[in-house]
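This report concerns only the one structure given below.
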Amino acid sequence: MEKEQYQQLEQNVTPKPPYLKNVAKAFFVGGFICAIGQAVSLFYIIFFNFTEATAGNPTVATVVFFSMILTGLGLYKRIGQFAGAGSAVPVTGFGNAVVSAAIEHRSEGLVLGVGGNLFKLAGSVVLFGVVSAFFVALIKYILVTIGVVSW
Amino acid sequence: MVMTFIFAFIVGGIICVIGQLLMDVGNLTPAHTLSTLVVVGAILDGMGLYEPLINFAGAGATVPITSFGNSLTHGALAEAEKHGLVGVLTGMFEVTSSGISAAIVFGFIGALIFRPKGNID
Amino acid sequence: MVILFQTKPSLLAGGVVAGPLENRSVFSQYFDSVYDDERWQMKTNEQGHRKMIEEACEYAMKKMGVQKGDIDYLMGGDLVNQMTPTNFAARDLEIPFIGLFSACATSVSSVIIACLLTELGAANFSLAGASSQHNAIERQFRYPINYGAQKPQTAQWTVTAAGYALIGKHREEYPSIEAATIGKSVDYGMDDPFHMGAAMAPAAFQTIQSHLQQRNQKIYHYDLILTGDLGQLGLKLLKGMLVENGVKNEELTLLRDAGAEFYGQDEAFQSGASGAGCSAAVFFSYVIQQMRAGSYKRVLLVATGALLSPLSYQQGETIPCTAHAIEITMK
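Protein chains in written order, with numbering that gives the first Met the number 0: chain A, 0 to 150; chain B, 0 to 120; chain C, 0 to 330.
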């Protein structure tokens, strides 16, 4: 059988992902995680004197802590298999990527294993976040200096 | 009060749906998808659109990974406004440190406590 | 060219050891041991992997009453970088050793080499087989075990199992190898490591077709043609290719896949099982025992392997695959 013919056969036989189901699952789990984050925010605002603006920081840290526990217990991967982007997109997904890599590479020691591989999966997020922030800020700075926009 | 939760749920859910579509339809890996969303967050803040979203949806905008891009850019812009061009570099991690520090610290602690287990359900 | 074994070396015994999750396999009753700790009480996954290989070899030797000193050659491999679990097991078994990498097709490629040495008169007893350990391989080829990635329906689950066969000179009451075909590296442009079945099916097709042609046989000359780990979708694709080549639908019932059947109908495992240990575990337990019981007289075992690395995938390469076949008969 020729390559093109086989690729056609493969397209016909391979099931497409269940788009609607996946989108629904992502929506509900992602929304739920954000609702939990909202509850955590309120907790910090009410009990620890944070404001709406500053509560974001401890909220993110707390939410990452939850994802560490879930990851370590092997529960996050089951949530991930179910929810897809619903668990990967919230910052819990970032925590999961870092913690799972850390746990996995413990066998090579803390320095080479954990230290060397901590950002194996999550590094791209940090890289692109920083680089895009740099360029966006740079462009805005230039635009402000020329006088096209204001801060 | 209840409305904040509902908006957080809906906006957070929508951002996750965008991610799911990028993965399923766009055939992007999780790493590619999240990198894209982070960049989107940065651009939205550059246009001044992300802060209003946070005011509206609270955690629905701060919990998704897009907020990383937002806070990095926000910090860079704030410093650039105060201290000029060098602020673009110095300001970035002022606001975002909690997410990344938390991930690093808890990653380390997690590595000390947990072992990987190959279970399926 | 097909390899014809005039002296018909025999598959004297099989030793198959598997991990706790493999208790859910429909074949688990045929395994020699299903251990309850996936690391075999060792500190790392890789060490557990090594222990599993040693145990599988011990079982195979024990069944024929031979010691490691009686074994002339050890042929085997796994999917870990540089095949260290197998290398370390060879160190402990102290048998002259050649490591072979055919990915998940290693179970058959190692048997072929062992048979060639036996045919030459260079070996009285050899051990040949392959193994895989889920954690060690997922971490290398895909994601850390606890990472929450969503696997598609086309994905397969790497089994934790080791299967080693004791090969020796021909004996009447044992399944014997009559012929073998060594496969080419076949690439039909598939590039998704979460859809290995599609990448491997063309290789299986080519090897089966070549073997049948060279031997002047048709599918119905066999009681069973068993592929290693195409999975449910890969098996469908292979059947599609055979039908397009003139094979009748009734004959296709003789074609089965160890990976597709491994975990039964359990959807949690998506398209089925895979890994070098999958074909080895099923071939060297279920098939040998069924042949000795008289259920099958002529069997074609076709182990399939995907010859990629995590690097090749990241560099945007497609996935070439291979399939090796052995024809086993029983009086």
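We treat Cβ as the ideally placed atom computed from N, Cα and C, and that holds for glycine.
As the structure is a computational prediction, the values presented were derived from the model and not from experiment.
Residue i: first and last residue of the uninterrupted beta strand (DSSP E) it sits in
| i | result |
| --- | --- |
| C:T321 | 320-328 |
| C:A179 | 175-180 |
| A:G114 | Careful: A:G114 lies outside any beta strand (DSSP E) and carries neither H nor E. |
| C:V298 | 297-305 |
| C:F96 | 96-98 |
| C:L165 | 160-167 |
| C:Y221 | Taken as a continuous stretch (DSSP letters only), C:Y221 belongs to no beta strand (DSSP E), as it is neither H nor E. |
| C:L73 | 72-76 |
Alpha carbon of residue i to alpha carbon of residue j, nearest angstrom
| i | j | result |
| --- | --- | --- |
| B:M0 | A:A121 | 34 Å |
| C:T6 | C:F283 | 21 Å |
| C:S175 | C:V246 | 27 Å |
| C:L234 | C:A89 | 34 Å |
| A:N95 | B:G11 | 18 Å |
| C:A102 | C:A305 | 6 Å |
| C:E316 | C:M82 | 22 Å |
| A:I45 | A:K24 | 31 Å |
| C:L237 | A:V125 | 43 Å |
| A:V90 | B:A7 | 14 Å |
| A:F73 | C:P143 | Note that residue 73 of chain A is Gly in the sequence shown here, rather than Phe. Going by the C-alpha atoms only, they are around 11 Å apart. |
| C:E93 | A:V97 | 41 Å |
| B:L71 | A:S131 | 9 Å |
| A:Q6 | C:A202 | 14 Å |
| B:A58 | B:L36 | 16 Å |
| B:T65 | B:G40 | 4 Å |
| A:F118 | C:G293 | 55 Å |
| A:I68 | C:H169 | 57 Å |
| A:A60 | A:F31 | 17 Å |
| C:V107 | C:I218 | 19 Å |
| C:A267 | B:E78 | 50 Å |
| B:F55 | A:A100 | 35 Å |
| A:M0 | B:S97 | 56 Å |
| B:H73 | B:L21 | 25 Å |
Residue i: first and last residue of the uninterrupted alpha helix (DSSP H) it sits in
| i | result |
| --- | --- |
| A:L142 | 122-145 |
| A:V97 | 90-103 |
| A:I32 | 18-47 |
| C:N55 | According to the sequence as given, residue 55 of chain C is Ala; it is not Asn. Counting along the chain, the alpha helix (DSSP H) containing C:A55 begins and ends at 44-62. |
| C:S9 | From DSSP, C:S9 is part of no alpha helix (DSSP H) but of the beta strand (DSSP E) over 9-17. |
| C:I207 | 195-214 |
| A:A84 | 84-87 |
| B:L88 | 86-89 |
| C:L20 | C:L20 -> no alpha helix (DSSP H), and no H or E assigned at all. |
| C:L310 | 309-313 |
| C:E172 | Element bounds for C:E172: n/a, residue is neither H nor E. |
Contact set for residue i: own chain, Cβ-Cβ below 6 Å, skip 5 residues either direction
| i | result |
| --- | --- |
| C:A127 | M74, S109, V110, A113, A164, I166 |
| B:Y49 | L43, N69 |
| C:L241 | none |
| A:H104 | G112, V113, N116 |
| C:Q213 | V1 |
Cβ-Cβ distance between residue i and residue j below 8 Å
| i | j | result |
| --- | --- | --- |
| B:D23 | A:N11 | no |
| C:A324 | C:H210 | yes |
| C:L10 | C:I327 | yes |
| C:A160 | C:C277 | yes |
| C:F261 | C:S24 | yes |
| B:F113 | A:G92 | no |
| C:G230 | A:L8 | no |
| C:Y285 | C:Y29 | yes |
| C:A197 | C:F26 | no |
| A:I102 | B:P115 | yes |
Residues near residue i by beta carbon distance below 7 Å, same chain, minus five either side
| i | result |
| --- | --- |
| A:V88 | G29 |
| C:N86 | G98 |
| C:K330 | E171 |
| C:N145 | none |
| C:E45 | V79, T83, P84, A135 |
| C:L300 | V107, L225, F282, V286, A324, I325, I327 |
Contact set for residue i: own chain, Cβ-Cβ below 8 Å, skip 5 residues either direction
| i | result |
| --- | --- |
| C:Q139 | L78, V79, N80, P309 |
| B:V38 | G68 |
| C:D222 | L253, S294, Y295, K296, R297, V298 |
| C:S125 | I70, D71, Y72, L73, M74, A113, L116, T117, L165, I166, G167 |
Closer than 8 Å to chain D by CB, residue i
| i | result |
| --- | --- |
| C:P143 | Looking at the structure shown, chain D is missing, and the protein chains on hand are A, B and C. |
Starting from the N-terminal side, write out each stretch of the alpha helix (DSSP H) that is 4 residues or longer and does not extend beyond the region 100-154 of chain C. Listed in chain order, the complete alpha helix (DSSP H) runs (minimum 4 residues) inside the region 100-154 of chain C are 105-119, 133-140.
Ignoring anything shorter than 4 residues, give me the alpha helix (DSSP H) runs that lie fully in the region 5-74 of chain B, in order along the chain. Listed in chain order, they are 29-45, 49-56, 58-61.
Please give me, in chain order, every unbroken run of the alpha helix (DSSP H) with length at least 4 that falls completely inside the region 226-286 of chain C. Runs found: 230-243, 257-261, 275-280.
Along the chain, which unbroken stretches of the alpha helix (DSSP H) at least 4 residues long are found entirely within the region 59-86 of chain A? Runs of alpha helix (DSSP H) with 4 or more residues, each lying fully within the region 59-86 of chain A, are found at 75-82, listed in chain order.
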